[in-house]
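In the order they appear, the protein sequences are chains A and B.
For the first sequence, the positions run 1040 to 1156 when my numbering is used.
For the second sequence, the positions run -8 to 102 when my numbering is used.
Here is the structure we will look at.
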Amino acid sequence: GAGVSQSPRYKVAKRGQDVALRCDPISGHVSLFWYQQALGQGPEFLTYFQNEAQLDKSGLPSDRFFAERPEGSVSTLKIQRTQQEDSAVYLCASSVPGRKKMNTEAFFGQGTRLTVV
Amino acid sequence: DAKTTQPNSMESNEEEPVHLPCNHSTISGTDYIHWYRQLPSQGPEYVIHGLTSNVNNRMASLAIAEDRKSSTLILHRATLRDAAVYYCILKGAGSNYKLTFGKGTLLTVNP
Chain A
1040 GAGVSQSPRY KVAKRGQDVA LRCDPISGHV SLFWYQQALG QGPEFLTYFQ
1090 NEAQLDKSGL PSDRFFAERP EGSVSTLKIQ RTQQEDSAVY LCASSVPGRK
1140 KMNTEAFFGQ GTRLTVV
Chain B
-8 DAKTTQPNSM ESNEEEPVHL PCNHSTISGT DYIHWYRQLP SQGPEYVIHG
42 LTSNVNNRMA SLAIAEDRKS STLILHRATL RDAAVYYCIL KGAGSNYKLT
92 FGKGTLLTVN P
């Protein structure tokens, strides 16, 4: 596709359930990012991949959050034992360059809205 | 990360110019100024970025103060489709690869 694709668009999970959110970046994009956006707030950084390597996971809020990008393309954000405070929009972004050339644009998906009930 | 300050909200009329300010008094010499916007129920969208000189593209213009402590995003003729939250973000040239969003400015465009 032409842009970053995320699925599902909406997810309702019961508290304690595990969820997996998928991101298909733009083909050929080296860098991939996950952000979390609470209602009324700006997106907050969760984690960063360069190809298949997870170079920064400092924003993941707890060890219940896990992200992977095993073949350097599609990425999955997994949340185990979901809690109500995990309710948010999860955004994926990709960009072309690696770490040496960072000032180019990032392309965002539409996000997955997760509601934990 | 250096901090930016933006007004919480601004209002404009359709087909009029809009000037969205951003203060970044602690900007370092290697920080680029990026602008993104987020339409309702969409992910953020890149608008423009610059370092020292003013920049123009098909979406907007970026005017950067001579001391680089402030900048202004200029939409030359606002349309209803420009209603969005606009984020001003500082990004280092080196290892600062992530975007640090604030709360941004909510722009309302009146018909």
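All C-beta atoms in this analysis are idealised placements derived from N, C-alpha and C, irrespective of residue type, glycine included.
What you are looking at is a predicted structure, and each value in this text was computed from that prediction instead of being measured.
Going by alpha carbons, who is nearest to residue i out of the options?
i	options	result
A/Thr1143	B/Leu11, B/Met1, B/Val9, B/Leu42	B/Leu42
B/Met50	B/Thr(-4), B/Thr99, B/Pro8, B/Lys94	B/Pro8
A/Thr1154	A/Ser1112, A/Gln1076, A/Leu1071	A/Gln1076
B/Asn45	B/Asp58, B/Pro31, B/Tyr37, B/Gly34	B/Asp58
B/Glu36	B/Ala75, B/Pro102, B/Leu97, B/Tyr88	B/Ala75
A/Gln1119	A/Lys1053, A/Trp1073, A/Val1113, A/Gly1081	A/Lys1053
A/Trp1073	A/Gly1067, A/Tyr1049, A/Asp1063	A/Asp1063
A/Gly1067	A/Val1135, A/Ala1145, A/Gln1149	A/Val1135
B/Thr70	B/Gly95, B/Pro102, B/Tyr88	B/Pro102
B/Ile18	B/Thr96, B/Leu98, B/Leu97, B/Ala56	B/Ala56
A/Ala1059	A/Ala1041, A/Arg1103, A/Ser1070	A/Arg1103
A/Ala1132	A/Leu1071, A/Val1051, A/Ser1112, A/Gln1089	A/Leu1071
A/Gln1089	A/Ser1112, A/Ser1097, A/Glu1083	A/Ser1112
Short of 7 Å in beta carbon distance, which residues of its chain neighbour residue i, apart from the five on each side in sequence? Order them along the chain.
i	result
B/Asn48	Ile39
B/Gly93	Thr(-5), Gln(-3), Tyr78
A/Pro1047	Thr1151
B/Asp22	Ala(-7), Leu81, Lys82, Gly83
A/Leu1099	Leu1085, Thr1086
A/Ile1065	Gly1042, Val1043, Ser1133, Phe1146
A/Val1051	Thr1154, Val1156
Looking only at its own chain, which residues have a Cβ that is under 6 Å from the Cβ of residue i, when we skip the five neighbours before and after it?
i	result
B/Lys122	Nothing in the structure corresponds to residue 122 of chain B, since chain B is present only between -8 and 102.
B/Leu90	Ile80
A/Thr1115	Ala1059, Arg1061, Glu1107
Given that a residue counts as buried once 16 or more other Cβ atoms are within 10 Å of its Cβ, and exposed if not, what is residue i?
i	result
B/Asp73	buried
A/Tyr1049	exposed
A/Leu1085	buried
A/Gly1081	buried
A/Ser1101	exposed
B/Leu53	buried
B/Val100	buried
A/Gly1055	exposed
A/Leu1130	buried
A/Leu1078	exposed
B/Leu30	exposed
A/Ala1145	buried
A/Val1156	exposed
A/Val1043	buried
B/Gly20	exposed
A/Ser1097	exposed
B/Ser32	exposed
Might you give, ordered along the chain, the residues of its own chain that have their beta carbon closer than 8 Å to the beta carbon of residue i, omitting 5 neighbours on each side?
i	result
A/Asp1057	Lys1117, Ile1118, Gln1119, Arg1120, Thr1121
B/Arg68	Glu6, Glu7, Pro8
B/Ser0	Thr96, Leu97, Leu98, Thr99
B/Tyr27	Pro35, Glu36, Tyr37, Val38, Tyr77, Tyr78, Ile80, Leu90, Phe92
Which residues in chain C sit within 7 Å of residue i, going by Cβ to Cβ distance?
i	result
A/Ala1145	Note that chain C does not occur in the displayed structure, where the protein chains are A and B.
For residue i, is the beta carbon positioned less than 7 Å from some heavy atom of the ligand SAM?
i	result
B/Gln29	The ligand SAM is not part of the structure shown, which contains no ligands of any sort.
_3-residue-minimum beta strand (DSSP E) runs that sit fully inside the stretch 1076 to 1140 of chain A, ordered along the chain_ = 1083 to 1089, 1092 to 1095, 1104 to 1107, 1114 to 1118, 1127 to 1134
*Cβ contact (3+ pairs, closer than 8 Å) linking the stretch 64 to 72 of chain B and the stretch 0 to 18 of chain B*: Taking 8 Å as the limit for Cβ pairs, the verdict is that the stretch 0 to 18 of chain B does touch the stretch 64 to 72 of chain B.
*Are three or more beta carbon pairs between the stretch 1080 to 1093 of chain A and the stretch 1117 to 1126 of chain A nearer than 8 Å?*
no
*Examine the Cβ distances between the stretch -1 to 7 of chain B and the stretch 1105 to 1115 of chain A and report whether three or more of them are shorter than 8 Å.*
no
*Inside the stretch -1 to 85 of chain B only - beta strand (DSSP E) runs reaching at least 3 residues*: DSSP runs (the beta strand (DSSP E)) wholly in the stretch -1 to 85 of chain B: 0 to 4, 9 to 14, 22 to 29, 36 to 41, 52 to 55, 61 to 66, 75 to 83.
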